[in-house]
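Below: one structure, written as structure tokens.
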């Protein structure tokens with residue numbers, strides 16, 4: 001089973017991607033965790049370590065896939 | 001059934017996304033078509049009309065989702 005983590009920050013682009021893309025992932029193949037930095041700022045470092053530069057982003061088995069562009073990680077850090 | 005079109009241009013970022021992301025889409029929910037502009041340049045206009053600005057991109061029920069950044073549509077047009 002693969003692991004995907006969807007990182008977002010509540011931005012409109014993030015919400016769109018969560019609503020319209022995540023549901024198409026095959027849950028028999030991948031476990032999806034959703035992390036909202038507004039509620040879990042402590043996980044920003046983990047995302048950066050995986051190579052996440054902006055949100056929304058999906059880290060799939062350790063590889064970062066940025067989906068459109070909502071906000072940079074720097075913006076997210078600065079609130 | 002939803003429809004997804006994955007547009008790419010053979011770039012390394014495109015190949016990575018095709019190989020590592022597309023397989024996780026739930027084929028019971030979405031029909032996925034892969035369009036390589038190197039073989040189907042005539043479909044660039046269709047992608048642009050859907051809002052695709054760069055490749056690789058997945059157009060999901062008409063909405064464009066750019067996945068990382070391989071090349072701009074302008075670069076693709078110019079070969």
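Chains as they are written, first to last, in the UniProt record's numbering: chain A, 1 to 79; chain B, 1 to 79. Built from N, CA and C at the ideal position, the CB exists for glycine as well. These numbers were taken from a predicted model, which means no experiment stands behind them.
Listed along the chain, the chain B residues whose CB falls inside 8 Å of the CB of residue 8 of chain A amount to none; the nearest CB is some 14 Å away. Taking a Cβ-Cβ cut-off of 7 Å, the neighbours of residue 26 of chain B in chain A comprise 24, 25, 26, given in sequence order. Using a CB distance cut-off of 8 Å, residue 17 of chain B counts as an interface residue toward chain A. Taking 8 Å as the cut-off, the Cβ atoms of residue 67 of chain B and residue 52 of chain B do not count as close. Counting C-beta pairs with one atom in each stretch, the stretch 29–37 of chain B and the stretch 1–16 of chain B have three or more that are closer than 8 Å, which means they touch.
In this structure the stretch 24–31 of chain B lies against the stretch 23–30 of chain A, because at least three pairs of beta carbons, one per stretch, are closer than 8 Å.
Beta-bridge analysis with DSSP links residue 67 of chain B to A:67.
Within chain B, the C-beta atoms nearer than 8 Å to that of residue 63 of chain A come from 16, 20, in chain order. For residue 35 of chain B, not one C-beta of chain A is nearer than 8 Å to its own C-beta. Taking residue 63 of chain A as reference, the option from B:18, B:76, B:43, B:2 with the minimal CA-CA separation is B:18.
In terms of Cβ geometry, residue 70 of chain B and residue 56 of chain B form a close pair [threshold 8 Å].
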